[in-house]
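Quick notes on the structure that follows.
There are 2 protein chains.
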Amino acid sequence: LTLRGASTEAPGGDPSLLRELRSLVGEGSVLDGDAPGYAADESEGSGLRGSPDAVVLPQSTAEVARVVGWCYAHDVPLVPRGGGSGFAGGAVPLEGGVVLSLERMKRVLQLDPGLWRMRVEAGIQTAAVRRIARENGLSFPPDPGAAEQSHIGGNIATNAGGPHAFKYGVTGAWVTGLQAVVAPGEVIDVGGPIRKDVAGYDLKSLLIGSEGTLGVITAAWLRLIPAPEVMLPVVATYRGTTEGCDAIRRVLEAGIVPATLEYLDAGSLAASVRSLPGGAAPDAAFLVISEADGERAEAARLQAELSDVLRPGAVDVRALQARSDVEELWRWRDGVALAVSSTRGGKLSEDIVVPLDRLAEAIDATVEIGRRHRLEACSWGHAGDGNLHSTFLVDASDAAELERAAQAAEDLFDLAARLGGSISGEHGLGWLKRGQLERQWAPAALRLHEQVKEIFDPKGLLNPGKKLARLVA
Amino acid sequence: LTLRGASTEAPGGDPSLLRELRSLVGEGSVLDGDAPGYAADESEGSGLRGSPDAVVLPQSTAEVARVVGWCYAHDVPLVPRGGGSGFAGGAVPLEGGVVLSLERMKRVLQLDPGLWRMRVEAGIQTAAVRRIARENGLSFPPDPGAAEQSHIGGNIATNAGGPHAFKYGVTGAWVTGLQAVVAPGEVIDVGGPIRKDVAGYDLKSLLIGSEGTLGVITAAWLRLIPAPEVMLPVVATYRGTTEGCDAIRRVLEAGIVPATLEYLDAGSLAASVRSLPGGAAPDAAFLVISEADGERAEAARLQAELSDVLRPGAVDVRALQARSDVEELWRWRDGVALAVSSTRGGKLSEDIVVPLDRLAEAIDATVEIGRRHRLEACSWGHAGDGNLHSTFLVDASDAAELERAAQAAEDLFDLAARLGGSISGEHGLGWLKRGQLERQWAPAALRLHEQVKEIFDPKGLLNPGKKLARLVA
């Protein structure tokens, strides 16, 4: 793929671009390229910012198809945008062109609580999906960090995870059907309100996690399940990584299936302990949150088992009961990233995955890699899934430090590959990790990755430059 | 794709073919094309039989790569073969060429019970995987019908289901990593002993269910979970489809998550009731099996809830307790297909999927379609997943009847598409349903399906003619 400058080949700045788009979807659905809020996503802390030539806010799949068709006919890059909560720069319009924000497509198209399913437009907030499910006695389990900001379409396009993915799986596991607009502007539906389908190649899974580079997801059929009656977490602290990771392993060895199995290492605990409900002992340097859920008696039994299994070597083990305490705990957990960030004002945070038996090694190596690059480092994340948020703390105004952090991230990707893991468990490749897949896949697989992109997007206009397998094929 | 005759372009019957293959993988690993057992699969009842030019039994991924490479260099069709238990003719070498049977690749490559995972070669029997898991206190939940015959590689290549897929999902949900040989003879690994991975496009899911048309799966990392302490089914009978399907709906509406939610309609129950443990009342014309599983007390509580919910309108409700009774029940359930088959000596059985709210309609329509084509028809299957084994009984020696059954199947596929379902929930397209995807997908999706095939298999040599989206593109 060749990157094209927005100001040369694409009709950026050209008022005819806006005019033509307005004739397609209506005056009120097209904003100027400098409309605030569409040039960056959560990767802005890494200095990433684009400049769209226009922002389109379609109100239907048909409008999306018209816009994709127009962009394809006029060789204009198109960047689909959800809630903008991505960490990999996937929604940043680095080559100009059209930002297609799904924010106005947030209707619930069908809700069948008795059938454990709903159909939604892509622009609905993930938190709204979860809320609607809950109000109907059901649960949509995926709970990525920024659920109030992120859209379900964005979560699908990145196959987002979250703490409860340990028991319930990632977003894709809950999507039974997708509607998408593919090049050069056609609508396809794969799957539907059905729970099994092996008729065709799994194009649904191919679109899930494709980060807007293969098509624009416009609607989804979601699978739901009965909500657990209670959620009863256990919070345990340890003196160090070894003791904590031993405890995590014991949970699996005991044959317990908790809903979550989260951890914070010493650095992330230090950064966030002040607001930890109930606090922690001074010698606590590792924290585990494992939650039992289900029917009340069963969850209580599981919680007691979890407490027993987590106790050996622990500084402290607390079994939470009150719903308010549980909610407070998870609110705190949601704020960990911010707390870590505020230590030095900025951070570079990755989301590597390793086999569970290499978790302790990866946690220690994160700190060691930081040390090598003269950076404070820490990690936290989804221990049971071997998914670390390995993080280097930076002063975002210090270019040299940012550069060292980028180097440290390279070492981190090396580590993930060396341990037989993945360079991304949640955030995807986006722009920041483009080309990094080369560490992880054989040449034949990389070639197939590139050919998949070519058949879906022969002109390379869909979110160009993002999720590249290699920088040079 | 053009079908090529084995006897013309491919060097079928040519002793040099056998000689060259033997030089690649050794004398003992290549059988003559007429070696018994490689010309057909379970679709033989529909008259499907091929004739391979050679049968290769590789012992390693490297040998598979050598054979694929050789076939690709010499334009020889290659048909990967698992246990041969498929119903769609996916393993039948209709164009001659090489049958590549994975039967000698059945090692457990790694077993980590404490980490809930194992790595196996593709040729291991699914029942062996399940047994090894169980011996280690774990469960590999997918339980397709022919687990003693089928290989895990074949189950992955068709994304097989089974009764317990209702709670636990289909085979693909338990595969975290795949090794495969792709054209023109290269080994790729996607995923691994990890539980999350969003780094690349989901080539793993693309290979899962691809029926040997995109590559040859040689090994897999499987996810396991702690085995449920007990499995406690409830068997309920009803006077008809309406009462039975109402009961099934009530299970979901009550917010109960059973492990299975199976049904038999009047015809399949009549065909199999003689061996049903405990028998059934004379007016029983619909049967539901819903199983509670988990820790003993919790499963007992769930089983009691299931019994209560299934009771209204029932002829009889039985809650099984003893392990031997449970095993006997599932052995009987496994034999339903055979019992139905033996009614008239033959059957044409499909595996359509419909949204759960259309289940009763699809069950009735199956019988009605049969009537229209003067065929006795019945269905049974995975009610909770909306997955019917809609079946037309035939005398396999009566060509006219077979032809009418084929016509009835067409009506059935129409029905599935019209109800928003899928033409296949378990068996795949194989040869018998090639081209039928057209009923279900838009042209753009069909085109992408064909292009996916082209990038993985530009010469069209991998299981040629199988899983075609359209007959004429």
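Keeping their order, the protein sequence lines are chains A and B. Heads up: the first sequence begins at 28 in the working numbering, then just goes up one per residue. Heads up: the second sequence begins at 28 in the working numbering, then just goes up one per residue. For each residue, glycine too, the CB sits at the ideal point set by N, CA and C.
What is the rounded straight-line gap between the Cα of residue i and the Cα of residue j?
{"i": "Leu121 of chain B", "j": "Ala67 of chain B", "result": "9 angstroms"}
{"i": "Glu36 of chain A", "j": "Val82 of chain A", "result": "Note that Glu36 of chain A has pLDDT 42, beneath the 50 cutoff, so the model's placement of it is unreliable and the number below is only indicative. Answer to the nearest angstrom: the Cα atoms are 18 angstroms apart."}
{"i": "Leu383 of chain B", "j": "Ile221 of chain A", "result": "7 angstroms"}
{"i": "Leu142 of chain A", "j": "Glu289 of chain B", "result": "16 angstroms"}
{"i": "Ser34 of chain A", "j": "Asn490 of chain A", "result": "Summary for Ser34 of chain A: the model assigns pLDDT 41, below 50, so the residue's position carries little reliability; its value from the coordinates is reported in the next sentence. So the two alpha carbons sit approximately 17 angstroms from each other."}
{"i": "Ile379 of chain B", "j": "Asp391 of chain B", "result": "14 angstroms"}
{"i": "Leu27 of chain B", "j": "Leu329 of chain B", "result": "The structure shown does not extend to residue 27 of chain B, since chain B is modelled only from 28 through 500, so no value can be given for it."}
{"i": "Arg31 of chain B", "j": "Asp102 of chain B", "result": "For Arg31 of chain B, the pLDDT reaches just 40, beneath the cut-off of 50, and the residue's location in the model is therefore unreliable, although a value from the coordinates is still provided. C-alpha separation (whole angstroms): 10 angstroms."}
{"i": "Gly246 of chain B", "j": "Arg497 of chain A", "result": "Note that residue 246 of chain B corresponds to Ala in the displayed sequence, not to Gly. Each residue's Cα considered, the two are about 26 angstroms apart."}
{"i": "Asp335 of chain B", "j": "Phe193 of chain B", "result": "20 angstroms"}
{"i": "Ala187 of chain B", "j": "Ala149 of chain B", "result": "14 angstroms"}
{"i": "Gly294 of chain A", "j": "Gly457 of chain A", "result": "27 angstroms"}
{"i": "Thr88 of chain A", "j": "Val243 of chain A", "result": "9 angstroms"}
{"i": "Asp484 of chain A", "j": "Leu234 of chain A", "result": "12 angstroms"}
{"i": "Glu354 of chain A", "j": "Asp292 of chain A", "result": "22 angstroms"}
{"i": "Ser351 of chain A", "j": "Val257 of chain A", "result": "12 angstroms"}
{"i": "Gly443 of chain B", "j": "Ser128 of chain A", "result": "One point to set straight first is that residue 443 of chain B is Ala, not Gly, in the sequence displayed. Whole-angstrom Cα-Cα distance: 35 angstroms."}
{"i": "Thr29 of chain B", "j": "Gly462 of chain B", "result": "Residue confidence for Thr29 of chain B is low, a pLDDT of 32 falling below 50, so the modelled location carries little weight; the figure read from the coordinates is stated next. Computed Cα separation, rounded: 14 angstroms."}
{"i": "Pro38 of chain A", "j": "Cys272 of chain A", "result": "Per-residue confidence for Pro38 of chain A stands at a pLDDT of 42, beneath the threshold of 50, marking its modelled position as unreliable; the derived number appears in the next sentence. Whole-angstrom Cα-Cα distance: 54 angstroms."}
{"i": "Leu230 of chain A", "j": "Leu241 of chain A", "result": "10 angstroms"}
{"i": "Ala281 of chain B", "j": "Ile151 of chain B", "result": "39 angstroms"}
{"i": "Glu332 of chain B", "j": "Ala254 of chain B", "result": "22 angstroms"}
Are residue i and residue j touching if we call contact CB-CB under 7 angstroms?
{"i": "Ala436 of chain A", "j": "Val421 of chain A", "result": "no"}
{"i": "Trp359 of chain A", "j": "Ser449 of chain A", "result": "no"}
{"i": "Met145 of chain B", "j": "Leu138 of chain B", "result": "yes"}
{"i": "Pro19 of chain B", "j": "Thr287 of chain B", "result": "There is simply no residue 19 of chain B to check, as chain B begins at 28 and stops at 500 in what is shown."}
{"i": "Ala307 of chain B", "j": "Thr264 of chain B", "result": "yes"}
{"i": "Leu488 of chain B", "j": "Pro104 of chain B", "result": "yes"}
{"i": "Ala115 of chain B", "j": "Lys460 of chain B", "result": "yes"}
{"i": "Ala297 of chain B", "j": "Ala366 of chain B", "result": "no"}
{"i": "Val135 of chain B", "j": "Gly77 of chain B", "result": "no"}
{"i": "Val209 of chain A", "j": "Ala471 of chain B", "result": "yes"}
{"i": "Gly117 of chain A", "j": "Gly492 of chain A", "result": "no"}
{"i": "His476 of chain B", "j": "Tyr228 of chain A", "result": "yes"}
{"i": "Lys223 of chain A", "j": "Asn414 of chain B", "result": "yes"}
For residue i, go through chain A and note every residue whose CB falls closer than 9 angstroms to its CB, in chain order.
{"i": "Glu322 of chain B", "result": "Glu325, Arg328 and Leu329"}
{"i": "Asp506 of chain B", "result": "For residue 506 of chain B there is no data in the structure shown, the boundaries of chain B being 28 and 500."}
{"i": "Pro253 of chain B", "result": "Leu279, Ala281, Gly282, Ile283 and Val284"}
{"i": "Ser12 of chain B", "result": "A query on residue 12 of chain B cannot be resolved here, the shown segment of chain B reaching from 28 to 500 and no further."}
Name the chain A residues whose beta carbon is nearer than 7 angstroms to that of residue i?
{"i": "Arg276 of chain B", "result": "Gly141"}
{"i": "Val499 of chain B", "result": "Here the premise fails: no neighbours, minimum Cβ distance about 17 angstroms."}
List, in chain order, every chain A residue whose beta-carbon is nearer than 8 angstroms to that of residue i.
{"i": "Pro171 of chain B", "result": "Going along chain A, no residue has its Cβ under 8 angstroms from Pro171 of chain B, so there is no contact; the nearest lies around 12 angstroms."}
{"i": "Glu213 of chain B", "result": "Ala469, Pro470 and Ala471"}
{"i": "Ala246 of chain B", "result": "None at all; the shortest Cβ gap to chain A is about 14 angstroms."}
Provide the residue(s) that pair with residue i in DSSP beta bridges, ordered along the chain.
{"i": "Pro260 of chain B", "result": "B:Glu318"}
{"i": "Gln137 of chain B", "result": "B:Arg146"}
{"i": "Leu420 of chain A", "result": "A:Lys374"}
{"i": "Thr287 of chain A", "result": "A:Glu318"}
{"i": "Val344 of chain A", "result": "A:Ala263"}
{"i": "Val208 of chain B", "result": "B:Val214 and B:Val243"}
{"i": "Val82 of chain B", "result": "B:Leu58 and B:Val126"}
{"i": "Cys272 of chain A", "result": "Answer by DSSP bridge pairing: none, since Cys272 of chain A is not bridged."}
{"i": "Ala404 of chain A", "result": "A:Phe419"}
Starting from residue i, find everything on chain B with Cβ-Cβ shorter than 8 angstroms and list it in chain order.
{"i": "Asp216 of chain A", "result": "Trp468, Ala469 and Ala472"}
{"i": "Phe483 of chain A", "result": "Leu475"}
{"i": "Ala436 of chain A", "result": "Correct list: empty, because the minimum Cβ distance to chain B is about 14 angstroms."}
How would you list, in chain order, the residues of chain B whose beta-carbon sits under 7 angstroms from the beta-carbon of residue i?
{"i": "Asn186 of chain A", "result": "Val225"}
{"i": "Val380 of chain A", "result": "Ile221, Lys223 and Asp224"}
Name the chain B residues that come within less than 9 angstroms of residue i, Cβ to Cβ?
{"i": "Ala286 of chain A", "result": "The contacting residues do not exist; Ala286 of chain A stays about 13 angstroms from chain B at best."}
{"i": "Ala160 of chain A", "result": "Here the premise fails: no neighbours, minimum Cβ distance about 12 angstroms."}
Return the residues of the stretch 445-464 of chain B that lie within a Cβ-Cβ distance of less than 9 angstroms from chain A, sorted by chain order. Gly447, Gly448, Ser449, Ile450, Ser451, Gly452, Glu453, His454, Gly455, Leu456, Lys460, Gln463 and Leu464
Against chain B: residues of the stretch 218-235 of chain A by CB proximity under 7 angstroms: Gly219, Pro220, Ile221, Arg222, Lys223, Asp224, Val225, Ala226, Gly227, Tyr228, Asp229, Leu230, Ser232, Leu233 and Ile235
Residues in the stretch 344-367 of chain B with C-beta within 7 angstroms of chain A's C-beta atoms, listed in sequence order? none
Which residues, taken in chain order from the stretch 468-480 of chain A, show a beta carbon closer than 7 angstroms to some beta carbon of chain B? Trp468, Ala469, Ala471, Ala472, Leu475, His476, Gln478 and Val479
Cβ-based contacts, 8 angstroms cut-off: residues of the stretch 404-427 of chain A near chain B: His409, Gly411, Asp412, Gly413 and Asn414
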